Amino acid sequence: MAIDQTPPDAQPTTSADHTLLPGHVETHGIDVIPDAERHGTARSLFALWVAPNVNYLSFVVGGVLVLMGLSLLQAVAAVVVGSLFSIATGLVAVTGPASGTPSQVATRTMYGVRGNRVAIAVNGWFVSVCYIALNWVTASVIGFALAQRLGIGASTPVQVVVVLVIAAATTAISVYGQGLIMRLYGPLSAGLTVVFLVVSGFLVAKADLSYTPPLALHGADLWITWTAAVTLIAATPLSYTISSDFARYLPSSTSPVAVAAWTTLGNVVPNLVFLTVGALAATVTDLSDPETGLEGIAPGWVITVFLVAIIVGILANNALTTYSSGLALQAVGLPLSRVASVVATAVVGVAMTLYALFVFDFLDTVSSGLVLLVTLVGPIMAIYVTDIFLRRNQYDGAELSDSTPASRYWYTGGVNLAGAIACLAAFSAALMCASTEAFTGPVARSLDGLDLSLPVGMIGAAVLYLALTRLFYGRTTP
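In the UniProt record's numbering, the protein residues as written are 1 to 478.
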């Protein structure tokens, strides 16, 4: 059996401890992590996922729920239901310890060696780079405001420096990899949580707990709005099909239940808290601009610290995305080391960020398009979770690493027809049921704007994958 050949600097070291020392660059890419270099406990995944989820976007999205016309109780209900989709993020993480490979390799079981390259190129790299650029633009704009508060000013040279510093810090974490991430994200989670809780205290103290929307929603209008709110919240956890990337260094004997539980909690807990706070804050202020939104609510020094925390939170989120994007480029088949892949991703992200800030803000269009992303990530996540249950989480890293026509996962011309057809069909059906400002499908229009893209896409993908697997391959798991 031929195994993928990784570049020399992506080969494992001879020391099990050296691989994940925070002061050393991670040596592994998409290759299988040897048992001797796998250690730690599932509990460490909690802090890792808290850091990127304690972010300013939660406040903004929570506020949007109220601006959509929901009451506080209805908004909180949407937060709870939408956040529960993080269970899927937790389930996907269990393939990491089982196979010792990242998700970009594990998904070869679902799409085939060649089919997986296409899926990863689109969802694993291109979409991720768009998110990286959007996040860097947000962090940079807040960085400009912070520079002005500190008396530095926000001239063009200062702005360029701010962008480059934020990008460099993100890239450095991603380049050093797992060792630094696991060591750094514990303190980051604690620090960010404290700052956000302090700000939350000021916001909740001012919130109007008796708030009622100017025009209460009833009947069909309520269901249309509430469903859209759930879809908006669910989009983020459903996009985290990369969770196994950060669990693959755990021993293969690690309890899958523990891996899924700690990953889920790391996503759910901060989302429940800060989305709810965002909804409460919307009753008294507009947090679309954190600096002006907090004026008169929190002391000036708290606002300054909060701006720093927002940037750090975005950095923590982008570092994980950039790290996984590097693995995605390798999985696509480019002959690059993990470090080179991360740097290449960062360069593209920086170019997009600078262009958007100083030339043309094309990212507004990109952002509008990404609202429809749930029509793609929903089916992809559903197929992934379905495959885990079908295989009872039995994934062999060595077999997964074989990318030749002799591979068990070559299927039909390198494509798993069951996974490819299920994904494309469910995506198409979900798109027809989507209702957003960017696009409204014919089914949604016929239902007066009711967005059923989430259930249609996920349920459809799971059912089709199950049925087509048996039809094409004559057995439960190909």
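C-beta atoms are modelled at their ideal positions from N, C-alpha and C, and glycine is treated no differently.
All values reported here derive from a predicted model rather than from experimental measurement.
Start-to-end residues for the alpha helix (DSSP H) that takes in residue i
{"i": "Ala-168", "result": "156-176"}
{"i": "Gln-74", "result": "72-83"}
{"i": "Glu-399", "result": "397-400"}
{"i": "Pro-335", "result": "Where Pro-335 is concerned, there is no enclosing alpha helix (DSSP H), given that its DSSP letter is neither H nor E."}
{"i": "Thr-138", "result": "127-149"}
{"i": "Asn-55", "result": "Careful: Asn-55 lies outside any alpha helix (DSSP H) and carries neither H nor E."}
{"i": "Gln-104", "result": "103-106"}
{"i": "Ile-383", "result": "374-391"}
{"i": "Val-32", "result": "From DSSP, Val-32 is part of no alpha helix (DSSP H); its letter is neither H nor E."}
{"i": "Glu-291", "result": "290-294"}
{"i": "Ser-407", "result": "Where Ser-407 is concerned, there is no enclosing alpha helix (DSSP H), given that its DSSP letter is neither H nor E."}
{"i": "Tyr-473", "result": "453-473"}
{"i": "Leu-450", "result": "It is not in any alpha helix (DSSP H) - Leu-450 carries neither H nor E in the DSSP assignment."}
Rounded separation between residue i and residue j - CA only
{"i": "Ala-462", "j": "Ser-155", "result": "52 Å"}
{"i": "Gly-313", "j": "Thr-276", "result": "18 Å"}
{"i": "Gly-124", "j": "Gly-457", "result": "19 Å"}
{"i": "Val-350", "j": "Ala-167", "result": "7 Å"}
{"i": "Asn-310", "j": "Trp-49", "result": "Here residue 310 turns out to be Ile, not Asn, going by the sequence shown. Cα to Cα, the separation comes out at about 16 Å."}
{"i": "Ser-44", "j": "Ala-258", "result": "11 Å"}
{"i": "Phe-358", "j": "Ser-210", "result": "43 Å"}
{"i": "Val-273", "j": "Thr-193", "result": "10 Å"}
{"i": "Tyr-185", "j": "Phe-439", "result": "37 Å"}
{"i": "Met-110", "j": "Ser-239", "result": "17 Å"}
{"i": "Val-79", "j": "Val-230", "result": "7 Å"}
{"i": "Val-76", "j": "Ala-279", "result": "8 Å"}
{"i": "Val-443", "j": "Asp-361", "result": "32 Å"}
{"i": "Val-141", "j": "Gly-449", "result": "34 Å"}
{"i": "Ile-181", "j": "Ala-426", "result": "35 Å"}
{"i": "Thr-322", "j": "Pro-237", "result": "17 Å"}
{"i": "Trp-262", "j": "His-24", "result": "26 Å"}
{"i": "Glu-399", "j": "Arg-408", "result": "7 Å"}
{"i": "Met-68", "j": "Thr-212", "result": "12 Å"}
{"i": "Ala-172", "j": "Gln-159", "result": "20 Å"}
{"i": "Leu-65", "j": "Pro-290", "result": "17 Å"}
{"i": "Gly-460", "j": "Ala-422", "result": "8 Å"}
{"i": "Ala-169", "j": "Leu-232", "result": "29 Å"}
{"i": "Arg-392", "j": "Ser-99", "result": "12 Å"}
{"i": "Ala-190", "j": "Phe-196", "result": "10 Å"}
{"i": "Val-302", "j": "Phe-46", "result": "27 Å"}
{"i": "Gly-296", "j": "Asn-55", "result": "22 Å"}
{"i": "Val-339", "j": "Thr-101", "result": "17 Å"}
{"i": "Phe-472", "j": "Ala-119", "result": "20 Å"}
Residue i burial status per 10 Å Cβ neighbour count (16 or more: buried)
{"i": "Gln-394", "result": "exposed"}
{"i": "Thr-241", "result": "buried"}
{"i": "Ile-152", "result": "exposed"}
{"i": "Tyr-331", "result": "In the sequence under discussion, the amino acid at residue 331 is Ala, which differs from the Tyr named in the question. So Ala-331 ends up on the buried side."}
{"i": "His-218", "result": "exposed"}
{"i": "residue 523", "result": "With the chain represented from 1 up to 478, any question about residue 523 goes unanswered, as that position is not in the structure."}
{"i": "residue 479", "result": "Nothing about residue 479 can be reported from this structure: the residues present for the chain run from 1 to 478 only."}
{"i": "Thr-292", "result": "exposed"}
{"i": "Pro-256", "result": "buried"}
{"i": "Ala-234", "result": "buried"}
{"i": "Gln-148", "result": "exposed"}
{"i": "Glu-37", "result": "buried"}
{"i": "Val-165", "result": "exposed"}
{"i": "Asp-9", "result": "At Asp-9, the pLDDT of 37 sits below 50, so the modelled position is not reliable; the number obtained from the coordinates is stated separately. Asp-9 should be labelled exposed."}
{"i": "Gly-474", "result": "exposed"}
{"i": "Glu-26", "result": "buried"}
{"i": "Leu-315", "result": "buried"}
{"i": "Asp-286", "result": "exposed"}
For residue i, the residue or residues it bridges with in DSSP
{"i": "Leu-415", "result": "Looking at the sequence provided, one finds Val at residue 415 rather than Leu. Val-415 pairs with Thr-412."}
{"i": "Thr-440", "result": "Ser-435"}
Contact under 8 Å by Cβ, residue i with residue j
{"i": "Thr-254", "j": "Pro-97", "result": "yes"}
{"i": "Ser-103", "j": "Asp-245", "result": "yes"}
{"i": "Val-268", "j": "Ser-403", "result": "no"}
{"i": "Ala-344", "j": "Leu-320", "result": "no"}
{"i": "Ile-388", "j": "Thr-95", "result": "yes"}
{"i": "Val-92", "j": "Val-385", "result": "yes"}
{"i": "Thr-375", "j": "Ser-435", "result": "no"}
{"i": "Asn-53", "j": "Gly-266", "result": "yes"}
{"i": "Ala-88", "j": "Met-352", "result": "no"}
{"i": "Leu-327", "j": "Ile-30", "result": "yes"}
{"i": "Gly-40", "j": "Tyr-249", "result": "yes"}
{"i": "Ala-418", "j": "Tyr-465", "result": "yes"}
{"i": "Val-348", "j": "Val-129", "result": "yes"}
{"i": "Ala-216", "j": "Val-284", "result": "no"}
{"i": "Leu-354", "j": "Val-163", "result": "yes"}
{"i": "Ala-145", "j": "Leu-307", "result": "yes"}
{"i": "residue 500", "j": "Ser-58", "result": "No information on residue 500 is available, as it lies outside the stretch 1 to 478 that the chain covers here."}
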